[in-house]
Amino acid sequence: MLYGSIEAGGTKFVCAIGDEEMTIKERVSFPTTTPEETMPLVIDFFKQYQTDLAGIGIGSFGPIDIHHDSATYGYITSTPKLAWQNFDFIGTMKKEFPIPISWTTDVNAAAYGEYVFGSGKGLSSVVYYTIGTGVGGGALQEGRFIEGFSHPEMGHMLVVPHPKDDFAGSCPFHGNCLEGMAAGPAIEKRLGKKGQEVAEDDPYWEIEASYIAQCAYNTTLMFSPDVIIFGGGVMKQRHMLQNVHDAFAKLVNGYVETPELSKYIVTPALEDNAGTLGCLALAREAVLHS
Ligand code: ADP
Ligand code: ZN
14 MLYGSIEAGG TKFVCAIGDE EMTIKERVSF PTTTPEETMP LVIDFFKQYQ TDLAGIGIGS
74 FGPIDIHHDS ATYGYITSTP KLAWQNFDFI GTMKKEFPIP ISWTTDVNAA AYGEYVFGSG
134 KGLSSVVYYT IGTGVGGGAL QEGRFIEGFS HPEMGHMLVV PHPKDDFAGS CPFHGNCLEG
194 MAAGPAIEKR LGKKGQEVAE DDPYWEIEAS YIAQCAYNTT LMFSPDVIIF GGGVMKQRHM
254 LQNVHDAFAK LVNGYVETPE LSKYIVTPAL EDNAGTLGCL ALAREAVLHS
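In the working numbering, each number is its position in the sequence shown, counted from 1, plus 13.
Written as structure tokens, this is what we have:
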């Protein structure tokens, strides 16, 4: 039996096949252009495995409709990527693959991967953020995603500007929300170069860390989770973690006693595999419960 994984991101779709042990057998990636161009590539990839394919897990950029009783369940909804607005993702896949298909956000899929196999393994409450082109967050409680009328949009929480930061924020909706202040494009707008080109000893990283610490602070007070995991391209600046711990401790100011910070605010154990492994595990769950 095989499982399929689709990480549908804003710039690329990563598709993979895994076996019962969740070992990745093959992985390919296609640029995210239009559904007419991208989807046939996705479908052709999985068709090669159709006889053994038991289920598929999809983690998609959003916003997406996750309500099973909604007429547009399985759609990408109001995304700024016009070609993908109101795209019936699950319907398109089900037409070709009438098998169980699990459907969640890209960040929830990565959160699930870390929960099952990574930094959240064995813990009951896990919150995962990605700080990349955007900021997204996913929360799991006893293996279930926390959601209500929709999936969380924790990347848009408000943050207090750092006193040395005069950047107004790049979020078109909120200006200085977390994404507007701390995602990769905000760094590039401020400094005129990409995050990966900014030296480790640049004083900017203290400002960046202060926003991530505020995110950890808000998360702690809202969920008291067992662990908070920060992934995504910007977190490749591993040296920031110490700054985040220090700024977080100052913000909490002894109000709650958290787990030891080196085990509480961490980076992903699975690195860039969190999304793929999460989708595979979600596909397995979908098959188990079908
Ligand atoms: P995406 O969010 O598009 O899925 P990533 O998580 O890789 O992809 O995030 C891409 C963003 O992260 C870009 O804005 C990029 O400049 C930034 N980035 C990538 N690597 C680094 C790095 N080593 N240090 C700081 N920023 C980085
Ligand atoms: Zn915002």
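Backbone N, C-alpha and C fix where the C-beta goes; we use that ideal spot for every residue, glycine too. Owing to the predicted nature of the structure, the values given are computational and were not obtained by experimental measurement.
In this structure, the C-beta of F186 approaches ligand 2 to less than 7 Å from one of its heavy atoms. Rounded to the nearest angstrom, the gap between the Cα atoms of T85 and I77 is 9 Å. Between ligand 2 and G193, a heavy atom-to-CB distance of less than 7 Å is present. With a threshold of 16 other beta carbon atoms within 10 Å, H80 falls short and is exposed. In the same chain as W218, and ignoring 5 residues on each side of it, the C-beta atoms closer than 8 Å to its own belong to V211, Q250, H252, M253 and N256, in chain order. If you draw a straight line from the Cα of I103 to the Cα of E109, it is about 10 Å long. Here DSSP, grouped into helix, strand and coil, assigns A196 to coil. The straight-line gap separating the alpha-carbon atoms of G288 and W97 is approximately 21 Å. Taking every protein chain shown into account, the CB of L301 has fewer than 16 other CB atoms within 10 angstroms, so this residue is exposed.
Boundaries of the alpha helix (DSSP H) around W218: Y217 to F236.
Taking the C-beta atoms as reference points, A226 is found no nearer than 8 Å to S132.
Residues of the same chain with a CB within less than 6 Å of the CB of A299, apart from the 5 flanking positions on each side, are G68, P113 and S115 in chain order.
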